[in-house]
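Chemist: Input: one structure, supplied below.
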Amino acid sequence: MEGSSTEPSPGSSRTATTEGSVNANDSVKDASASPHNLIVKWSGKEIEIEDINGLKTVRDLKQLLQSKTGVQVDRQKLLNLTYKGKLAQDDCILANMGLKVGQKLMMMGSLEKDIESVDIPPEERPDVNNDLDIPDDDEEPLDNREVYLNKIARRVKEYRIHVINPPRPDKKLLVLDIDYTLFDHRTTAETPVELMRPFLHEFLTAAYEEYDIAIWSATSMKWIEEKMRLLGVSSNSAYKIAFHLDYLAMISVHTPKYGVVEVKPLGVIWGQFEQYSAKNTIMIDDLRRNFLMNPQSGLRIRPFRSAHLNRQSDCELLRLGGYLRKIAKLDDFSNLNHRKWESYGGKSHSSKHRRSQNSSGTDSNNSKH
Ligand SMILES: [Mg+2]
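For the sequence shown, this note's numbering gives the first residue as -15, with consecutive numbering after it.
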């Protein structure tokens, strides 16, 4: 699971805030009482710095990080380490920065070997992705469907979706995954924008005309917000995100072939917003297993990996935007077979095709096409 097991529960960072705040006037010596740890997130991993009390400056911290990650000090960027509202310089005194116990920092920075190996084809790279997924042609049945529906009902009741921008009347709903869908979260880079999927903002701007947009990622809310901020999504004035969902809204299900997997059941959203249903919702994710509870509403996108290599050629979001625009005119998505999206997305003009598919009646199951 992408990060779900290592993320803190919501609220734990709040505890750390009250326990570990360091007054800006404290000297280096005053902060040396009990161990003060930090977590540094880098390239999909979490690195723990057990105690920063022995470290004086940001450079000392970076030197320690170099020994732990191999990323050279001058290539490291600690994105949310700020001092007086600005990115902290290397000579900033750590004890003056109000770092909290257990605080998480996000680091960008490439390894020398990665910088040299950018031209190696992905299949020869060591960082192959092992995330389990279900093949496109597989129809995996679920055991105990009833049990899962009860789990979803519980999420509907207990998981509070925080609305950032209210749903608009007569809009459809687009639910987007982050990692490998909008952002290559495993490749190292100097800036987050290098890892952003091409045409992200164009895609969201166009989609926003017809769709309310939700983000659902298998990580904690804090990281979703941070990633959206770093990618410039939350501050873009051309579109608005309606709400975010994190790993706590997911449920685990059992499949005979793949065992227990975590999925993103759209029922959690549909149960909380009357205007959204299988008729007007589409969910985009690079992992088909996330759709197990609602396969009809899911569209599997090719994962965006090896950003440096694929940044010039990846136009998946551009083509997908074309598909979303075309289907937005339909009253009911529940007959569509999104597996065929490429045949009527992008440049193709098979609206006749699509219409005949849509008029085939709500009872037919197009996912068998
Ligand atoms: Mg993903």
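Backbone N, C-alpha and C define an ideal beta-carbon position, used for all residues, glycine too.
Being a predicted model, the structure only gives us computed values, none of them experimental.
Can you tell me whether I311 is helix, strand or coil according to DSSP?
Modeler: Here I311 sits in helix by DSSP.
Chemist: Going by DSSP, what residue range makes up the alpha helix (DSSP H) through L45?
Modeler: Looking at the DSSP string, the run of the alpha helix (DSSP H) that includes L45 is 42 to 53.
Chemist: Quick check on S27: does DSSP put it in helix, strand or coil?
Modeler: Of the three classes helix, strand and coil, the one that applies to S27 here is coil, per DSSP.
Chemist: Any heavy atom of ligand 1 closer than 6 Å to the beta-carbon of T165?
Modeler: For ligand 1, at least one heavy atom lies less than 6 Å from the Cβ of T165.
Chemist: Just checking D44 against ligand 1 - is the residue's beta carbon closer than 6 Å to any of the ligand's heavy atoms?
Modeler: The answer is no for D44.
Chemist: Helix, strand or coil: which one does DSSP assign to S204?
Modeler: Looking at S204 - three-state DSSP - the assignment turns out to be coil, as it is neither helix nor strand.
Chemist: Quick check: R289 and D168, are their CB atoms within less than 7 Å of each other?
Modeler: Yes, Cβ-Cβ distance for R289 and D168 is below 7 Å.
Chemist: Quick one: using the 10 Å Cβ neighbour count with 16 as the cut-off for buried, is F187 buried or exposed?
Modeler: Burial call: buried.
Chemist: Pick from L45, H292, L83, Y164: whose alpha carbon is nearest that of D75?
Modeler: Taking only the C-alpha atoms, the option nearest D75 is L45.
Chemist: What does T239 pair with, by DSSP beta-bridge criteria?
Modeler: In DSSP, T239 forms a bridge with G243.
Chemist: Please confirm whether any heavy atom of ligand 1 lies closer than 6 Å to the CB of D196.
Modeler: No, the beta carbon of D196 sits no closer than 6 Å to any heavy atom of ligand 1.
Chemist: Would you report the Cα separation of M92 and A191, rounded to the nearest angstrom?
Modeler: One C-alpha to the other measures close to 30 Å.
Chemist: For T66, collect the residues of the same chain with a Cβ closer than 7 Å to its Cβ; drop the 5 residues on either side in sequence, then sort them by chain order.
Modeler: Answer for T66: A72, listed in chain order.
Chemist: Please report how far the alpha carbon of Y164 lies from the alpha carbon of H185, in whole angstroms.
Modeler: Using only the alpha carbons, I get a separation of about 16 Å.
Chemist: Heavy atom of ligand 3 less than 6 Å from the Cβ of V85, yes or no?
Modeler: By its list of ligands, the structure shown excludes ligand 3, since it contains just ligand 1.
Chemist: Would you check whether ligand 1 has a heavy atom nearer than 6 Å to the C-beta of D168?
Modeler: Flag unset: Cβ of D168 not near ligand 1.
Chemist: Per DSSP, what kind of secondary structure is L184 in: helix, strand or coil?
Modeler: Helix, per DSSP.
Chemist: Under 7 Å, do K29 and M90 count as touching if we go by C-beta distance?
Modeler: Cβ distance not < 7 Å, so K29 and M90 don't count as in contact.
Chemist: In terms of alpha-carbon separation, which member of K224, A233, V131, G54 lies closest to R139?
Modeler: Residue A233 is the option with its Cα nearest to R139.
Chemist: What residue from H322, D298, D315 has the CA that sits closest to Y307's CA?
Modeler: Comparing Cα-Cα distances from Y307 to each of H322, D298, D315, the minimum goes to H322.
Chemist: Can you tell me where the beta strand (DSSP E) with A226 in it begins and where it stops?
Modeler: Counting along the chain, the beta strand (DSSP E) containing A226 begins and ends at 225 to 229.
Chemist: Tell me, please, which residues DSSP counts as bridged to K70.
Modeler: BP columns for K70 point to Y67.
Chemist: What residue from D315, S297, I23 has the CA that sits closest to G31's CA?
Modeler: It is worth fixing the name first, because residue 31 is Ile in this sequence and not Gly. Selected option, being the one with the closest Cα: I23.
Chemist: I want to know whether the region 206 to 219 touches the region 236 to 244 - three or more CB-CB distances under 8 Å.
Modeler: No, because fewer than three Cβ pairs between the region 206 to 219 and the region 236 to 244 fall closer than 8 Å, the two stretches do not touch.
Chemist: Taking 6 Å as the line, does the beta carbon of D161 fall inside it for any heavy atom of ligand 1?
Modeler: True, at least one ligand heavy atom lies under 6 Å from that Cβ.
Chemist: Look up Q60 in the DSSP assignment and say whether it is helix, strand or coil.
Modeler: Note: Q60 maps to coil in three-state DSSP.
Chemist: Sort D315, D230, L49, A79 by Cα distance to V247 and report the nearest one.
Modeler: Among D315, D230, L49, A79, the Cα nearest to that of V247 is on D230.
Chemist: What is the rounded straight-line gap between the Cα of K84 and the Cα of Q50?
Modeler: Each residue's alpha carbon lies about 22 Å from the other.
Chemist: Measure the C-alpha to C-alpha separation of D35 and G305 and round it to an integer number of angstroms.
Modeler: For D35 and G305, the distance between alpha carbons rounds to 47 Å.
Chemist: Would DSSP call K336 helix, strand or coil?
Modeler: Because K336 sits at a pLDDT of 38, beneath the cut-off of 50, its placement in the model cannot be relied upon, and the following sentence gives the value as read from the coordinates. In the structure shown, K336 sits in a helix (DSSP, three-state: H, G or I).
Chemist: Can you tell me where the alpha helix (DSSP H) with G251 in it begins and where it stops?
Modeler: First-last of the alpha helix (DSSP H) with G251: 251 to 254.
Chemist: Rounded to whole angstroms, what's the CA-CA distance from Q60 to E174? Just pull it up for me.
Modeler: Each residue's alpha carbon lies about 7 Å from the other.
Chemist: Hey, how far is the Cα of K224 from the Cα of A198?
Modeler: Looking at the two C-alpha atoms, the distance is approximately 9 Å.
Chemist: Report yes if the C-beta of D230 is less than 6 Å from at least one heavy atom of ligand 1; otherwise report no.
Modeler: Outside the cutoff, so no.
Chemist: Count the other CB atoms within 10 Å of the CB of S201; is the residue buried (16 or more) or exposed (fewer)?
Modeler: Flag for S201 reads buried.
Chemist: Give the DSSP-derived three-state secondary structure of V147 in the structure shown.
Modeler: Looking at V147 - three-state DSSP - the assignment turns out to be strand.
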